[in-house]
DNA sequence: TATAATGTTAGACT
DNA sequence: AAGTCTAACATTAT
């Protein structure tokens, strides 16, 4: 579910309410998340994002690292509201509860030191410089779409935004990463500088079940040009959008304007 | 009932 | 050896 813009949305919302608050209790509903003992009593210092992961930094304490994977959500609840189904973890504070909801149970939580992010392009919101993209992709034959989604290189881009960025850049997702010219990488740089910040401003893309911390839908689905639009008409050139499988993932593109 | 789903990764294959 | 691909994880919705 959540890629960089969705996790950034949660991060900003969490950082707006949690710092200074004391953890009153932790209830692990799904034992597969691990024991998570000993967090009670700590206060939140701040909340940051690393790629698609969230760090709850505790004052004079460890960091709680959350990864939502495919279907994880976070929900802030006040008062005695009913607990939704698929709730896997509850962290209580005096002013409310933070719920991890995750139907597929892929989400992970670990407590420890801050994770070290080794991706050279650690935060695509700061820009994806064409020259560095070209250097990293040199000689590689994997599809450029798989390259953009490889978290070891670039932290935070997933399936929706890889498809959208490549449409914006007019590049076929199946092109070998190493075959792009510097001019083409500049188009990728420009497209991501448009697509990613706009998605953050829209508080994410709600195509099925994404909701923000307060249960609200995002609005970036209104800006999707190709993702999940198989058979529709490309708004840029009038071509027909097609779906392929690449690296095991659905991949949407317009073959008539993406080369 | 079969298929696909916004992520990651271990192991297989080249 | 390094690069790339595939299956698996667990569950729901169409």
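Numbering (the numbering used here), first residue to last: 270 to 528.
Virtual Cβ for every residue (Gly too), placed ideally from N, Cα, C.
Those residues which DSSP pairs with residue i across a bridge
i, result
"residue 278", "Residue 278 is not bridged to any residue."
"residue 415", "DSSP output for residue 415 lists no bridge partner at all."
"residue 324", "317, 334"
"residue 381", "332"
"residue 513", "520"
"residue 374", "Paired residues: none, contrary to the question."
"residue 498", "Residue 498 pairs with nothing; no bridge assigned."
"residue 312", "291"
"residue 356", "370"
Simplified DSSP assignment, three categories, for residue i
i, result
"residue 291", "strand"
"residue 455", "helix"
"residue 339", "coil"
"residue 346", "strand"
"residue 445", "strand"
"residue 366", "strand"
"residue 518", "strand"
"residue 296", "strand"
"residue 361", "strand"
"residue 400", "helix"
"residue 423", "strand"
"residue 505", "coil"
"residue 467", "helix"
"residue 301", "helix"
"residue 390", "strand"
"residue 435", "helix"
"residue 461", "helix"
Heavy atom of the ligand PLP within 7 Å of residue i beta-carbon
i, result
"residue 359", "The ligand PLP is not part of this structure, which contains no ligands at all."
Among the options, the one whose alpha carbon lies nearest that of residue i
i, options, result
"residue 483", "490, 491, 472", "472"
"residue 524", "506, 515, 514", "506"
"residue 464", "427, 499, 480", "427"
"residue 271", "469, 292, 526, 491", "469"
"residue 311", "360, 352, 409, 453", "360"
"residue 386", "437, 290, 318", "318"
"residue 445", "512, 274, 417, 429", "417"
"residue 288", "307, 324, 303", "324"
"residue 345", "450, 481, 274", "481"
"residue 326", "290, 302, 414, 397", "290"
"residue 332", "314, 408, 459, 349", "314"
"residue 448", "528, 329, 383, 351", "528"
"residue 563", "432, 368, 488", "Because the chain here runs from 270 to 528, residue 563 falls outside it and cannot be looked at."
"residue 518", "329, 408, 415, 379", "415"
"residue 299", "430, 358, 419, 452", "358"
"residue 384", "399, 320, 410, 362", "320"
"residue 352", "367, 328, 495", "367"
"residue 274", "364, 474, 433", "474"
"residue 520", "350, 508, 499", "499"
"residue 410", "378, 478, 443", "443"
"residue 283", "302, 294, 369", "369"
"residue 400", "309, 296, 451, 389", "451"
"residue 377", "364, 334, 389, 330", "334"
"residue 381", "328, 343, 363", "328"
"residue 362", "348, 355, 356", "348"
"residue 433", "479, 485, 497", "497"
"residue 461", "430, 478, 453, 485", "430"
Touch test, the region 420-427 against the region 382-401, Cβ-Cβ under 8 Å, three pairs minimum | Contact between the region 420-427 and the region 382-401 is present, because at least three Cβ pairs lie under 8 Å.
Check whether the region 430-444 touches the region 398-411, counting contact only when three or more Cβ pairs, one atom from each stretch, lie closer than 8 Å.
-> The region 430-444, when compared against the region 398-411, does not touch it at the 8 Å Cβ threshold.
Contact the region 366-380 vs the region 333-344: 3+ CB pairs below 8 Å = Yes, the region 366-380 touches the region 333-344.
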